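Peer 1:
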Amino acid sequence: MIFSHRSTYFFGNAANLWHIFIFAGVFALTAPYLITLEVSMTRTVIVGCIALIIGLALRFNYYGVQIDYENAKYRDFTCTFGLRTGSWKKLPNLKKVILTKQNVSSWNTPNGISPTFKTGHTIYTIALFGDEPQPALIIQTENEKEAKENAGLLADKLQLVMEYLA
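Just so we're aligned: 18 in our numbering is position 18 of the sequence shown, and the numbers increase by one with no gaps anywhere.
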């Protein structure tokens, strides 16, 4: 059995714009049937297809981590349109799982001088420790329920001691 966690999108926060590109692509492809255009059909199809490809790329390209319990391996992977790539590495001798949470806040400064509003969120970190003082593997998420479930699952499957540091 393999544990898989999607950590971040390849394009960062720009991935949240995938809806707009998909909508624009569908609109561009259907517009000639709805309204009369003075642009060639070839150009309209090209623009629509490019918008769809960009939207799909934003949605289906991301980073993550996988852990193979049975074979004691893990890998950091890049998923490109569903194809996961990344080399498998042997899991070190792990002793414990530590789940921590950190409140992070930041100011939005659109003009570079004066901040306009403050945003905050909580990051949950699952750290797998072995013999070394630094973690062998780190998994981060902003979802508390997912973090607790994943930390418990990893502790159970890898037979590790579980600690929760709030």
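In this text, a Cβ means the ideal position worked out from N, Cα and C, and glycines have one as well.
Given the structure is predicted, the values throughout are model-derived calculations rather than measurements.
1. With DSSP collapsed to three states, give me the class of residue 136.
2. Per the contact definition of three or more C-beta pairs closer than 8 Å, is the region 105 to 119 in contact with the region 73 to 92?
3. Based on Cα-Cα distance, which residue from 163, 125, 93, 150 lies nearest to residue 132?
4. When you compare the CB positions of residue 74 and residue 10, do they come within less than 8 Å of one another, or not?
5. Excluding the 5 residues flanking residue 130 on each side, which residues of the same chain have their C-beta closer than 7 Å to its C-beta?
6. Could you tell me the alpha carbon to alpha carbon distance between residue 128 and residue 19, rounded to whole angstroms?
7. For residue 169 and residue 64, which I take to be in contact (beta-carbon distance under 8 Å), what is that distance rounded to the nearest angstrom?
8. Any idea what DSSP makes of residue 98, helix, strand or coil?
9. Are residue 42 and residue 32 closer than 8 Å when you measure CB to CB?
10. Taking the alpha-carbon of residue 98 as reference, which of 70, 147, 104 has the nearest alpha-carbon?
11. Strictly by DSSP, which residues pair up with residue 127?
12. Secondary structure at residue 39, three-state DSSP: helix, strand or coil?
13. Tell me which residue opens and which closes the alpha helix (DSSP H) that residue 30 is part of.
Peer 2: Taking the coordinates as given:
1. If DSSP states are grouped into helix, strand and coil, residue 136 belongs with coil.
2. The region 73 to 92 is not in contact with the region 105 to 119.
3. The option with the nearest alpha carbon to residue 132 is 93.
4. Their beta carbons are not under 8 Å apart, which means residue 74 does not touch residue 10 by this criterion.
5. If the five residues before and after residue 130 are omitted, its C-beta is found closer than 7 Å to the C-beta atoms of 92, 93, 94, 95, 136, all from its own chain and listed in chain order.
6. Rounded to whole angstroms, residue 128 and residue 19 show a C-alpha spacing of 35 Å.
7. Examination of residue 169 is not possible in this model, given that the chain is present from 1 through 166 alone.
8. Reduced to three states, the DSSP call for residue 98 is strand.
9. Taking 8 Å as the Cβ cut-off, residue 42 and residue 32 do not qualify as a contacting pair.
10. Taking residue 98 as reference, the option from 70, 147, 104 with the minimal CA-CA separation is 147.
11. The partner list for residue 127 (beta bridge, DSSP) reads 98, 138.
12. It is coil, neither helix nor strand.
13. In the DSSP assignment, residue 30 falls within the unbroken alpha helix (DSSP H) covering 18 to 34.
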